[in-house]
Amino acid sequence: MKSSVNPINLSELPSIDALLQSVTAIKLPHNLKKNEARALLTEIRNLATAGKTAPLDRLEENYRKRLLKIAHSLRKVINGTGVVIHTNLGRSPLSEQMIIALEALKDGYVNLELDLDDGQRGNRHDHLRPWIRSISDAEDGLLVNNNAAAVLLALNTLADRKEVIISRGQLVEIGGSFRIPEILRKAGSKLVEVGTTNRTHLNDYEAAITSRTKLLLWVHTSNYKISGFTTEVGLQELVKLGQTHSIPVMADLGSGALVAIDKFGLQREPLVSEVMGTGVDMVTFSVDKLLGGPQGGIIAGKQVHIRKIEKNNLLRALRPDKTQILLTLQALKAFSEGQAGLQAIPVYRDLLTPLATLKKRAQHLVGLVENSKLTLSVMNTEAQVGSGASPAEKMPSVGIGISHSKLKAAKIASCLRANDPAIMGRIAEEKFTIDLKAVREVEDKFIVQALNKL
Numbered sequence: 003m004k005s006s007v008n009p010i011n012l013s014e015l016p017s018i019d020a021l022l023q024s025v026t027a028i029k030l031p032h033n034l035k036k037n038e039a040r041a042l043l044t045e046i047r048n049l050a051t052a053g054k055t056a057p058l059d060r061l062e063e064n065y066r067k068r069l070l071k072i073a074h075s076l077r078k079v080i081n082g083t084g085v086v087i088h089t090n091l092g093r094s095p096l097s098e099q100m101i102i103a104l105e106a107l108k109d110g111y112v113n114l115e116l117d118l119d120d121g122q123r124g125n126r127h128d129h130l131r132p133w134i135r136s137i138s139d140a141e142d143g144l145l146v147n148n149n150a151a152a153v154l155l156a157l158n159t160l161a162d163r164k165e166v167i168i169s170r171g172q173l174v175e176i177g178g179s180f181r182i183p184e185i186l187r188k189a190g191s192k193l194v195e196v197g198t199t200n201r202t203h204l205n206d207y208e209a210a211i212t213s214r215t216k217l218l219l220w221v222h223t224s225n226y227k228i229s230g231f232t233t234e235v236g237l238q239e240l241v242k243l244g245q246t247h248s249i250p251v252m253a254d255l256g257s258g259a260l261v262a263i264d265k266f267g268l269q270r271e272p273l274v275s276e277v278m279g280t281g282v283d284m285v286t287f288s289v290d291k292l293l294g295g296p297q298g299g300i301i302a303g304k305q306v307h308i309r310k311i312e313k314n315n316l317l318r319a320l321r322p323d324k325t326q327i328l329l330t331l332q333a334l335k336a337f338s339e340g341q342a343g344l345q346a347i348p349v350y351r352d353l354l355t356p357l358a359t360l361k362k363r364a365q366h367l368v369g370l371v372e373n374s375k376l377t378l379s380v381m382n383t384e385a386q387v388g389s390g391a392s393p394a395e396k397m398p399s400v401g402i403g404i405s406h407s408k409l410k411a412a413k414i415a416s417c418l419r420a421n422d423p424a425i426m427g428r429i430a431e432e433k434f435t436i437d438l439k440a441v442r443e444v445e446d447k448f449i450v451q452a453l454n455k456l
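Laid out in structure tokens, this is it:
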């Protein structure tokens, strides 16, 4: 049976100059627009070669959309998904104090690697050392680009071309295909798996120790749980075994909690200070999750190991810049200020917002919308922390259910994503919902404006 769609007639394709003339109003560099026009035409020719079709009648429109997407690539998004630490939306939002601190970088310089006391060259890691020691109870610590970098750097320093023992039940994969076995290989370490997926005993570790064993690795499996017939070796037991054989123990916490999140109705995560208290040699954890900071990863531990890490040439490729250091400093300072400090961290402010407050906001917001095509309802919803922290746990929240007389939920979602600012929600049971858990009160007016335009 022949296709009813006509093949592409390449002679009908416009020239690059013709496409450029159609987008003169879009303020982008000429070379960029030219490159995108060439790429688009090449894609269509490739489709023709493969015997496929393309909508030539919308070519200029598609070209314009392509350029506008580039012109407005990174932009503000209202997070109505109910996921507080949303990986795709930049994880933890920056606090007001962080933005104020950035003023120090505006059209000026900072003493990133300068000791102002003696005028000599300083160490960029010294700015955070006292704060990392304070929050972790470790002898020393430093910041790198992210937690994957922290794990990679620590493994490469302590166990390059040597054996690292880990329980099979802790060989986790997190978002973006980050896998512990792959990181071990990239670090130059030889992975030695012990035990089974659900049961690992202390004698499994002991039997695997050889003269080539340089590290015992313990990974907090925050993004999944195994229940039933299970056994895992506790950190204190592992530390004692390591001390007996003079082998350091490293714990990767992933998210890394500095305060007891069970106070927010969530499952308890081990505190960084508690893990250091078990006697482990090193702990690695993220800055941009439960710490509410910018992207970053912290390595905290015994000074002898941190000093070795600082001498590793790989650190230069993974070290933080002045912006990461400055923003992380603000995040760590906030935790030293108790409850008031937590309220200043957007992630914890969201977690602390009372349900009654969310419901009152939702009712007020619904009352402001004037669109006869919409049916709105205030709904009890379930939110979550996100980014691997207690993924199975839900928190009570409040949202706005949205139905349209002509548009399906998927189309509503598409329209709101195209809004400025973009609005993200979720679809459940053919209804689009905006969960208010991570929506700022100042953003409510933009939601009202967007809903009135639907």
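Just so we're aligned, residue 3 is where the sequence shown starts under our numbering, counting upward by one. Where is the CB? At the ideal position from N, CA and C, for every residue including glycine.
Length-filtered (4 minimum) alpha helix (DSSP H) runs lying within the region 295-338: Taking 4 residues as the minimum length, the alpha helix (DSSP H) runs contained wholly in the region 295-338 are 305-312, 316-320, 324-337, in order along the chain.
The region 101-112 touching the region 317-325, judged by at least three CB pairs closer than 8 Å: Taking a cut-off of 8 Å for Cβ pairs, the region 101-112 and the region 317-325 touch, as three or more such pairs fall below it.
C-beta atoms of residue 207 and residue 186 nearer than 8 Å: Within the sequence shown, the letter at position 205 stands for residue 207. Within the sequence shown, the letter at position 184 stands for residue 186. Going by C-beta atoms, residue 207 is not nearer than 8 Å to residue 186.
Simplified DSSP assignment, three categories, for residue 132: As a working mapping, residue 132 is identified with position 130 in the sequence shown. Residue 132: helix per DSSP, three-state reduction.
Exposure of residue 3, with buried meaning 16 or more beta-carbon neighbours within 10 Å: Within the sequence shown, the letter at position 1 stands for residue 3. At residue 3, the pLDDT of 39 sits below 50, so the modelled position is not reliable; the number obtained from the coordinates is stated separately. Residue 3 comes out exposed.
Residue 146 beta carbon less than 8 Å from that of residue 301: As a working mapping, residue 301 is identified with position 299 in the sequence shown. As a working mapping, residue 146 is identified with position 144 in the sequence shown. Against a cut-off of 8 Å, the Cβ pair of residue 146 and residue 301 comes out as a contact.
Alpha carbon of residue 129 to alpha carbon of residue 157, nearest angstrom: As a working note, residue 129 is residue 127 in the sequence shown. As a working note, residue 157 is residue 155 in the sequence shown. Going by the C-alpha atoms only, they are around 24 Å apart.
Contained alpha helix (DSSP H) runs [length at least 4] in the region 410-446, N- to C-terminal order: The DSSP assignment places 411-419 as complete runs of the alpha helix (DSSP H) inside the region 410-446, in order along the chain (cut-off: 4 residues).
Residues sharing a beta bridge with residue 192, DSSP: Taking the sequence shown and counting its residues from 1, one reaches residue 192 at position 190. Per DSSP, 165.
Per-residue DSSP class, three states only, for residue 401: Taking the first residue of the sequence shown as position 1, residue 401 is located at position 399. Strand at residue 401.
Nearest candidate by alpha-carbon position, reference residue 426, set 19, 63, 88, 68: Indexing the sequence shown from 1 puts residue 426 at position 424. Among 19, 63, 88, 68, the Cα nearest to that of residue 426 belongs to 88.
Exposure of residue 12, with buried meaning 16 or more beta-carbon neighbours within 10 Å: One-based indexing of the sequence shown puts residue 12 at position 10. By the 16-neighbour rule on beta-carbons within 10 angstroms, residue 12 is exposed.
CB contact flag (residue 163, residue 190, <8 Å): Locating residue 163 in the sequence shown gives position 161, counting from the first residue. Locating residue 190 in the sequence shown gives position 188, counting from the first residue. With respect to residue 190, residue 163 sits close: the two C-beta atoms are nearer than 8 Å.
Outcome for residue 209 when other beta-carbon atoms lying within 10 angstroms are tallied against a minimum of 16: Here residue 209 refers to the residue found at position 207 when the sequence shown is read from its first residue. Looking at its Cβ environment, which holds fewer than 16 other Cβ atoms inside 10 Å, residue 209 is exposed.
Rounded distance between the beta-carbons of residue 114 and residue 123, thought under 8 Å: Counting from 1 along the sequence shown, the entry for residue 123 is found at position 121. Counting from 1 along the sequence shown, the entry for residue 114 is found at position 112. So it is not a contact: roughly 10 Å between Cβ atoms.
Touch test, the region 377-388 against the region 41-59, Cβ-Cβ under 8 Å, three pairs minimum: No, they do not touch.
Cβ-based burial, residue 102 [other Cβ within 10 Å; buried from 16]: One-based indexing of the sequence shown puts residue 102 at position 100. Exposed: under 16 other Cβ atoms inside 10 Å.
Best match in 316, 402, 334, 441 for proximity to residue 351 [C-alpha to C-alpha]: Numbered from 1 along the sequence shown, position 349 holds the residue referred to as residue 351. Considering only alpha carbons, the answer is 441.
Span of the beta strand (DSSP E), counted from its first residue to its last, around residue 379: Here the question's residue 379 lines up with position 377 in the sequence shown. Looking at the DSSP string, the run of the beta strand (DSSP E) that includes residue 379 is 376-385.
Under the three-state DSSP convention, the category residue 214 falls into: Along the sequence shown, one-based indexing puts residue 214 at 212. The DSSP-derived three-state label of residue 214 is coil.
Identity of the residues DSSP links to residue 174 by a beta bridge: For the purposes of this step, residue 174 is taken as the residue at position 172 of the sequence shown. Residue 174 pairs with nothing; no bridge assigned.
Length of the line joining the Cα atoms of residue 421 and residue 96: One-based indexing of the sequence shown puts residue 421 at position 419. One-based indexing of the sequence shown puts residue 96 at position 94. The straight-line gap from Cα to Cα measures roughly 22 Å.
The region 355-371 contacting the region 443-453, beta-carbon criterion three pairs below 8 Å: Yes, the region 355-371 is in contact with the region 443-453.
Assigned exposure category for residue 93 - 16 Cβ within 10 Å defines buried: Numbered from 1 along the sequence shown, position 91 holds the residue referred to as residue 93. By the Cβ neighbour-count rule, residue 93 is buried, with 16 or more other Cβ atoms within 10 Å of its own.
Distance between residue 152 and residue 315 (C-alpha atoms, nearest Å): As a working mapping, residue 315 is identified with position 313 in the sequence shown. As a working mapping, residue 152 is identified with position 150 in the sequence shown. Residue 315 and residue 152 have their C-alpha atoms spaced approximately 14 Å apart.
Assigned secondary structure, residue 149 (DSSP; H/G/I helix, E/B strand, else coil): Locating residue 149 in the sequence shown gives position 147, where the first residue counts as 1. DSSP places residue 149 in the helix class (H, G or I) of the three-state scheme.
Inter-stretch contact at 8 Å, needing at least 3 Cβ pairs: the region 70-81 / the region 28-39: The region 70-81 is in contact with the region 28-39.
Exposed unless 16 or more other CB atoms sit within 10 angstroms - verdict on residue 267: Indexing the sequence shown from 1 puts residue 267 at position 265. Counting of Cβ neighbours within 10 angstroms places residue 267 among the exposed residues, the total staying below 16.
Cβ neighbour criterion (16 or more within 10 Å) applied to residue 7: For the purposes of this step, residue 7 is taken as residue 5 along the sequence shown, with counting starting at 1. A caution first: residue 7 carries a pLDDT of 48, below 50, which makes its placement in the model unreliable, though a value can still be read off. Answer is exposed; the Cβ neighbour count stays below 16.
Close-in-space but distant-in-sequence residues of the same chain around residue 360 (CB under 8 Å, 5 per side omitted): Translated into the one-based positions of the sequence shown, residue 360 becomes position 358. Around residue 360: 399, 400, 438, 439.
Nearest-angstrom Cα separation, counted from residue 234 out to residue 223: Locating residue 223 in the sequence shown gives position 221, where the first residue counts as 1. Locating residue 234 in the sequence shown gives position 232, where the first residue counts as 1. Going by the C-alpha atoms only, they are around 11 Å apart.
Identity of the residue in 374, 271, 203 nearest residue 243 by Cα: Counted from its first residue, the sequence shown places residue 243 at position 241. It is 203 whose Cα lies nearest to the Cα of residue 243.
Test item: CB-CB of residue 251 and residue 174 under 8 Å: Start at 1 with the first residue of the sequence shown, and residue 251 comes out as number 249. Start at 1 with the first residue of the sequence shown, and residue 174 comes out as number 172. Not a contact, by the Cβ cut-off of 8 Å.
Residue from 320, 34, 456, 395 whose Cα sits closest to the Cα of residue 377: Along the sequence shown, read from residue 1 onward, the residue named residue 377 stands at position 375. Comparing Cα-Cα distances from residue 377 to each of 320, 34, 456, 395, the minimum goes to 456.
DSSP three-state assignment for residue 270, whether helix, strand or coil: Translated into positions along the sequence shown, residue 270 becomes position 268. Coil.
Cross-strand partners of residue 219 (DSSP beta bridge): To locate residue 219, count along the sequence shown from 1; it is residue 217. DSSP output for residue 219 lists 252 as bridge partner(s).
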